[in-house]
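Quick note on numbering that gives the first Met the number 0: the sequence shown kicks off at 0 and runs consecutively. Taking it in order: structure first as structure tokens, then the write-up.
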Amino acid sequence: MPRPITAVIHRQSLQHNLSIARQKMPNSQVYAVVKANAYGHGIERVYQAFKSADGFALLDLVEAKRIRALGWKGPVLLLEGIFSEQDLFDCEELNLSFTIHSEYQIEWLARFPRPARFDVYLKMNSGMNRLGFRPEQYRQVWQQLSNLPQVQRLTHMMHFSDADGERLGRDGIEHQCQIFDAVIQDLPGARSVCNSAAILRHPQLQSDVIRSGIMLYGSSPDYPSHSIQDWNLQPAMSLRSEIIAVQQLKAGDSVGYGSRFVAEREMRIGIVACGYADGYQRITATGTPILVDGQRSSLVGRVSMDMLAVDLSHLPSAQVSSEVVLWGTSKHGTVLSIDEVAAGSGTIGYELMCAVTARVNFIQD
Ligand SMILES: *Cc1c(COP(=O)(O)O)cnc(C)c1O
Numbered sequence: 000m001p002r003p004i005t006a007v008i009h010r011q012s013l014q015h016n017l018s019i020a021r022q023k024m025p026n027s028q029v030y031a032v033v034k035a036n037a038y039g040h041g042i043e044r045v046y047q048a049f050k051s052a053d054g055f056a057l058l059d060l061v062e063a064k065r066i067r068a069l070g071w072k073g074p075v076l077l078l079e080g081i082f083s084e085q086d087l088f089d090c091e092e093l094n095l096s097f098t099i100h101s102e103y104q105i106e107w108l109a110r111f112p113r114p115a116r117f118d119v120y121l122k123m124n125s126g127m128n129r130l131g132f133r134p135e136q137y138r139q140v141w142q143q144l145s146n147l148p149q150v151q152r153l154t155h156m157m158h159f160s161d162a163d164g165e166r167l168g169r170d171g172i173e174h175q176c177q178i179f180d181a182v183i184q185d186l187p188g189a190r191s192v193c194n195s196a197a198i199l200r201h202p203q204l205q206s207d208v209i210r211s212g213i214m215l216y217g218s219s220p221d222y223p224s225h226s227i228q229d230w231n232l233q234p235a236m237s238l239r240s241e242i243i244a245v246q247q248l249k250a251g252d253s254v255g256y257g258s259r260f261v262a263e264r265e266m267r268i269g270i271v272a273c274g275y276a277d278g279y280q281r282i283t284a285t286g287t288p289i290l291v292d293g294q295r296s297s298l299v300g301r302v303s304m305d306m307l308a309v310d311l312s313h314l315p316s317a318q319v320s321s322e323v324v325l326w327g328t329s330k331h332g333t334v335l336s337i338d339e340v341a342a343g344s345g346t347i348g349y350e351l352m353c354a355v356t357a358r359v360n361f362i363q364d
């Protein structure tokens with residue numbers, strides 16, 4: 000028997016979440032963002048559910064090749080563009096769209112020796128200060144690219160830094176929208192501006208191509224302002240395991256390495272086959288929610304490499320082989336959102352779902 004820990008990928012939930020993106024922005028083309036191996040879910044495991052998307056967006060050529068190998072003929076967008084001049088040959092062969100965010104990429108493109116016609120997303124740095132051309136430069140760069148015979152189509156692109164919240168007391172997107180609109184104004188071409196937080200929180204935004212990532216996987220981009228229930232999203236991944244031992248503690252007994260948890264009174268705990276080597280973060284705080292047989296309980300003591308402990312004091316029927324859900328949906332139907340668990344270690348759902356380790360068995364339902 001393998002260890003009982005599994006990550007279950009729920010195809011119907013992926014489909015459902017994609018439909019929410021469509022509902023929010025019915026006039027936009029919805030690209031499914033599948034970078035980081037589909038946020039840890041596995042590109043091949045999400046592909047069927049996302050086939051009804053208008054395109055896929057991701058980071059590197061290896062992932063783009065995997066999407067093409069699955070038979071996808073539609074748009075594939077490289078969000079960080081090309082990393083070398085040679086990448087252009089793959090873009091040509093695989094018919095990939097790509098971002099241009101820096102001068103050196105334009106030089107590579109201008110030198111491309113064959114009569115290719117590339118689909119280019121020109122990125123504006125409208126305030127995030129990671130990638131893109133500054134607003135002052137943008138129109139000149141746009142003109143330069145428009146004149147290149149290698150460019151077939153140019154889409155205006157930018158990325159929000161604060162779509163999930165407030166910035167300086169103002170709406171977090173307004174300042175970037177204003178800059179973007181002011182610069183682009185009369186220029187022809189489609190626009191791509193929205194990530195999940197913008198799709199959910201600002202459905203009035205005009206964006207021809209939207210880039211939905213985290214929402215498709217059933218995590219709320221602006222938790223705790225909104226939960227997945229508020230946005231009507233469903234967890235796409237359930238990290239499930241089982242209780243493999245039960246301990247009866249007396250008052251004063253401690254649990255785990257460093258004796259970080261000491262029982263104040265008699266209590267029953269379950270030892271779960273899941274640890275930080277599976278991707279459950281070691282720094283997760285005592286009290287972080289865990290489901291046992293579909294009922295809420297909580298983490299006790301320090302997470303070790305292969306195990307963690309859960310409080311069973313109020314769950315007398317829980318025993319060895321009881322189902323444990325670290326995040327996601329229980330077989331009993333109860334939901335524990337990854338956002339709540341991430342809060343227990345001071346991080347966000349994105350990081351947890353990307354970091355489930357290779358030793359965990361992935362299955363699909
Ligand atoms: C990752 C990414 C997205 C998707 O963001 P989510 O918050 O996961 O929806 C969109 N656009 C770009 C440029 C990205 O890198």
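For glycine and all other residues, C-beta sits at the position ideal for the given N, C-alpha and C.
- Distance cut 7 Å, beta-carbon to ligand 1 heavy atom: residue list by chain order: V32, K34, A56, L78, H158, N194, S195, A196, R210, S211, G212, I213, M214, P220, Y349
- Message: Count Cβ pairs between the segment 153-160 and the segment 126-136 that sit closer than 8 Å; are there 3 or more?
- Response: yes
- Query: Looking at I4 and A272, is the spacing between their C-beta atoms short of 7 Å?
  - Reply: yes
- Straight-line gap, I347 to D338 (C-alpha atoms, nearest Å): 6 Å
- Message: Tell me whether the segment 348-363 and the segment 3-17 touch, counting them as touching only if at least three CB pairs, one residue from each stretch, are closer than 8 Å.
- Response: yes
- Query: Hey, would you say G300 sits closer than 7 Å to V334, going by beta carbons?
  - Reply: no
- Query: What are the start and end residues of the alpha helix (DSSP H) that includes F88?
  - Reply: 86-93
- Rounded separation between G168 and Y38 - CA only: Low per-residue confidence applies at G168: pLDDT is 46, beneath 50, and the placement is therefore not dependable, though the value from the model is reported in the following sentence. Using only the alpha carbons, I get a separation of about 31 Å.
- Item | Whole-angstrom distance between T287 and L57, CA atom to CA atom | 32 Å
- Task: Please classify F97: does DSSP put it in a helix, a strand, or coil?
- Result: strand
- Are the Cβ atoms of R267 and Q280 separated by less than 7 Å? no
- Per DSSP, L153 is paired with what? V119
- Message: Using the three-state DSSP reduction, which class does R358 fall into: helix, strand or coil?
- Response: coil
- Task: Please go through the same chain and pick out, in chain order, the residues whose beta-carbon is closer than 8 Å to the beta-carbon of L17, but skip the five residues on each side of it.
- Result: V29, A31, A48, F49, S51, A52, S211, L215
- Best match in M304, T283, W326, I270 for proximity to G293 [C-alpha to C-alpha]: W326
- Task: Take A341 as the anchor and find which of M352, K72, G332 has the nearest alpha-carbon.
- Result: M352
- Task: Have a look at V355 and S195 and give me their C-alpha separation to the nearest angstrom.
- Result: 22 Å
- Query: Based on Cα-Cα distance, which residue from G188, L186, A197, P187 lies nearest to C365?
  - Reply: Outside the displayed range of the chain (0 to 364) lies residue 365, so it cannot be described from this structure.
- Label K23 either buried or exposed according to how many other C-beta atoms from any shown protein chain fall within 10 Å of its C-beta, with 16 as the threshold for buried. buried
- Task: Would you list the residues sitting across from M24 in a DSSP beta bridge?
- Result: Answer is none; M24 lacks a bridge partner.
- Message: Going by DSSP in three states, S145 sits in which element: helix, strand or coil?
- Response: helix
- Can you check DSSP and say which residues form a bridge with A56? V32, L76
- Query: M304 by DSSP, collapsed to three states: which one?
  - Reply: coil
- Spatial neighbours of G188 within its chain, please: CB distance less than 7 Å, with the 5 preceding and 5 following residues excluded, ordered by chain position. L153, T154, H155
- Task: Count the other C-beta atoms from every protein chain shown that fall within 10 angstroms of the C-beta of Q151, then say buried if there are 16 or more, exposed otherwise.
- Result: exposed
- With DSSP run on the structure shown, which of helix, strand or coil describes V334? strand
- Query: At what residues does the alpha helix (DSSP H) containing S195 begin and finish?
  - Reply: 195-200
- Message: For Q363, tell me which candidate among L238, I270, L95, H331 has the shortest Cα-Cα distance.
- Response: L238
- Task: Could you tell me whether the Cβ atoms of S329 and I227 are closer together than 7 Å?
- Result: no
- Task: Please determine, among P25, K34, Y46, S27, the residue with the shortest C-alpha to C-alpha distance to Q14.
- Result: Y46
- Task: Quick one: residues in its chain with C-beta nearer than 8 Å to the C-beta of A276, no 5 flanking neighbours on either side, listed in chain order?
- Result: M304, D305, T356, R358
- Task: Taking S344 as the reference, give the member of L298, M236, S320 with the closest Cα.
- Result: L298
- Continuous alpha helix (DSSP H) stretch holding A109: start and end: 102-109
- Task: Specify, as a first and last residue, the run of the alpha helix (DSSP H) that L351 falls within.
- Result: 348-353
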